[in-house]
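Line by line, the protein sequences give chains G and Z.
Each residue of the first sequence is one higher than the one before, counting from 1 in the numbering used here.
Each residue of the second sequence is one higher than the one before, counting from 100 in the numbering used here.
Note that CB positions come from ideal geometry on N, CA and C, so glycine has one too.
Since this is a predicted model, take the numbers as computed values, not measurements.
First up is the structure itself, then whatever we jot down about it.
Protein chains: 2
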Amino acid sequence: MPRFNLVFKALADPTRRKIILLLKEADMTAGEIAGHFDMTKPSISHHLNVLKQSLLVTDERKGQNIYYSLNMTVFQEVINYFFNITHKNEGEIDDEKGK
Amino acid sequence: MPRFNLVFKALADPTRRKIILLLKEADMTAGEIAGHFDMTKPSISHHLNVLKQSLLVTDERKGQNIYYSLNMTVFQEVINYFFNITHKNEGEIDDEKGK
DNA sequence: TAGATATTTAGGCAAATATCTAAATAACTG
DNA sequence: CAGTTATTTAGATATTTGCCTAAATATCTA
Chain G
1 MPRFNLVFKA LADPTRRKII LLLKEADMTA GEIAGHFDMT KPSISHHLNV
51 LKQSLLVTDE RKGQNIYYSL NMTVFQEVIN YFFNITHKNE GEIDDEKGK
Chain Z
100 MPRFNLVFKA LADPTRRKII LLLKEADMTA GEIAGHFDMT KPSISHHLNV
150 LKQSLLVTDE RKGQNIYYSL NMTVFQEVIN YFFNITHKNE GEIDDEKGK
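In structure tokens, the structure reads:
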């Protein structure tokens with residue numbers, strides 16, 4: 001289960017949403033990501049850290065570079081959160097069945 | 100199109116997410132909502148205002164009371180935002196067709 | 001191991017946020 | 001219209017956030 005506080009805080013910043021759109025197209029190094037913004041690398045690093053803490057993205061070092069990717073599982077869980085709001089009380093029966 | 104900045108900022112607070120869950124069950128007055136929290140009414144009023152600015156909720160005065168409700172349209176649009184992230188480039192053809 | 005490249009960590013500051021108390025506004029009621 | 005109830009607005013304060021520069025860490029290469 002995602003920590004919705006961290007997830008929505010992460011999503012509340014336009015720089016971070018743009019990073020997500022970049023990573024949707026392809027995994028990328030921190031430097032490549034920073035290249036898409038008019039902002040210092042430490043600032044982008046900060047945003048990447050916020051995204052990482054939210055679990056929306058993961059990172060993996062490969063040699064000198066650190067590659068970032070989207071964590072689709074968490075996005076799916078966020079979709080479920082909204083689905084549960086828009087679709088009243090579905091799953092109620094299943095919950096009870098869980099004896 | 101929703102203002103994602105305002106929407107995600109609104110969702111980033113646990114009090115506001117709990118308000119959303121309350122309103123999922125039934126429309127409610129500001130006072131009824133405040134009754135569910137250990138917080139002053141002005142603070143809840145502030146949270147309701149943030150939710151209203153995000154368009155996630157609407158308000159309507161009925162006599163002395165102001166009733167709050169969820170705006171399902173915006174929730175659906177947020178679901179679409181996530182759907183577009185999880186489902187790569189779908190709709191691309193349609194976009195081009197829009198000549 | 002010294003130098004170069006990639007990235008993060010630390011520290012500081014300005015702006016935004018969440019909360020409170022006190023006061024203002026709106027609507028009903030006798 | 002005076003009093004009561006429902007809600008918001010204003011003003012103050014503490015915390016968090018986003019950005020920067022400077023310094024530190026990690027890795028590769030000669």
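In this structure the stretch 46-63 of chain G lies against the stretch 1-15 of chain G, because at least three pairs of beta carbons, one per stretch, are closer than 8 Å. Taking ASN170(Z) as the centre and dropping the five residues before and after it, the same chain places the C-beta of LEU154, LEU155, VAL156, THR157 closer than 8 Å to its C-beta, in chain order. PHE75(G) and VAL177(Z) do not touch by the CB rule: their CB atoms are close to 12 Å apart, not below 8 Å. At least one CB of chain G lies nearer than 8 Å to the CB of GLN175(Z).
Contact of LEU110(Z) with chain G by beta-carbon distance below 7 Å involves PHE8.
Contact of PRO101(Z) with chain G by beta-carbon distance below 8 Å is absent, the smallest such distance being about 12 Å. Judged by their CB atoms, ALA109(Z) and ILE165(Z) are not nearer to each other than the 8 Å cut-off.
HIS87(G) has its alpha-carbon roughly 25 Å from the corresponding atom of ASN148(Z). When C-alpha distances from PHE37(G) are compared across ASN84(G), THR73(G), ILE19(G), GLU60(G), the shortest belongs to ILE19(G).
In the three-state scheme derived from DSSP, where H, G and I count as helix and E and B as strand, MET138(Z) is classed as coil.
Taking C-beta atoms under 8 Å as the contact rule, TYR167(Z) and ASP126(Z) qualify, at a distance of about 7 Å.
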